[in-house]
Structure formats: C-alpha cells, structure tokens
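If you want my numbering, it's the position in the sequence shown, counting the first as 1, plus 232. Just so you know, even glycine gets a beta-carbon here, dropped at the ideal spot from N, CA and C. Following: one structure in structure tokens, then a few remarks.
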Amino acid sequence: MNISDIEQRELAKGIKGRYFHTDNMTIGFVDIEKGAILPAHSHIHEQTTQVTEGQLEMTIDGIVQVLEPGMITLIPSNAIHSARALSDCKVTDIFFPVREDYK
C-alpha cells in the first residue's frame with residue numbers, strides 16, 4: 233500500500249495524519265505545520281512518536297522534551313501529553329491497541 237493513497241484526516245489546525253490499521257495497532261503518518269499545537273489530552277492507548285523531519289516539542293506528564301529526526305519517545309497509556317511544532321514536522325505514531333476512533 234502506498235501511504236499517500238490513505239485518506240488524510242485533520243486532527244487539529246495544522247496537524248494532518250494518515251492512519252493504517254492492523255488487528256492490534258494503528259500506525260499514523262503525520263504532517264505538522266510549524267507553530268501547530270496538539271492540545272493536552274490522554275487516551276488508553278500506549279503510543280510511540282518518532283520524528284522523521286523537523287523539531288517537535290512534546291510534553292508528557294509534565295516533562296518537556298524536544299524531539300528531532302531519529303528520536304522516538306514513549307507515551308504511556310493514559311498519560312497527559314501535548315505537542316508544539318517548532319518547525320514543519322513529519323512524525324510516525326504507533327498506537328496499541330488499535331485507535332478505533334481513527335478508522
């Protein structure tokens with residue numbers, strides 16, 4: 233499957249993702265515009281976020297970190313987290329279990 237063939241959905245202003253689902257997980261390919269903010273939220277899903285392009289400031293349970301290409305972080309289940317794009321970014325998110333709300 234070509235990722236560009238997956239329908240893109242807007243998560244928040246300036247944040248758009250394409251989501252691929254298996255029986256057990258969801259993989260998101262996300263484009264984030266510089267300055268875009270993902271408001272604080274939590275979900276039952278364990279999540280990893282890997283930055284492939286740009287700089288993304290993430291806050292996870294009150295701890296702020298700046299992710300750059302080649303970096304990955306873990307967002308535990310039910311952890312409150314948010315993000316702010318310091319530049320245009322591309323990230324890959326992996327969720328377990330499947331994000332039914334993203335289907």
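**OP:** Would you identify the three-state DSSP class for residue 320, choosing helix, strand or coil?
**Re:** The count along the sequence shown starts at 1 and reaches residue 320 at position 88. In the structure shown, residue 320 sits in coil (DSSP, three-state: anything other than H, G, I, E or B).
Original post:
Looking at residue 307 and residue 292, is the spacing between their C-beta atoms short of 9 Å?
Top reply: In the sequence shown, residue 292 corresponds to position 60, counting from 1. In the sequence shown, residue 307 corresponds to position 75, counting from 1. It is a contact, given that the beta carbons lie within the stated cut-off.
Subject >> Cβ neighbour criterion (16 or more within 10 Å) applied to residue 260 >> reply: One-based indexing of the sequence shown puts residue 260 at position 28. So residue 260 ends up on the buried side.
**OP:** May I have a chain-ordered list of the beta strand (DSSP E) segments no shorter than 3 residues that lie completely inside the segment 236-277?
**Re:** 240-244, 247-253, 258-264, 269-273
**OP:** Could you tell me which of 330, 269, 309 sits nearest to residue 321, measuring between CA atoms?
**Re:** As a working mapping, residue 321 is identified with position 89 in the sequence shown. When each option's Cα is compared against that of residue 321, the closest is 269.
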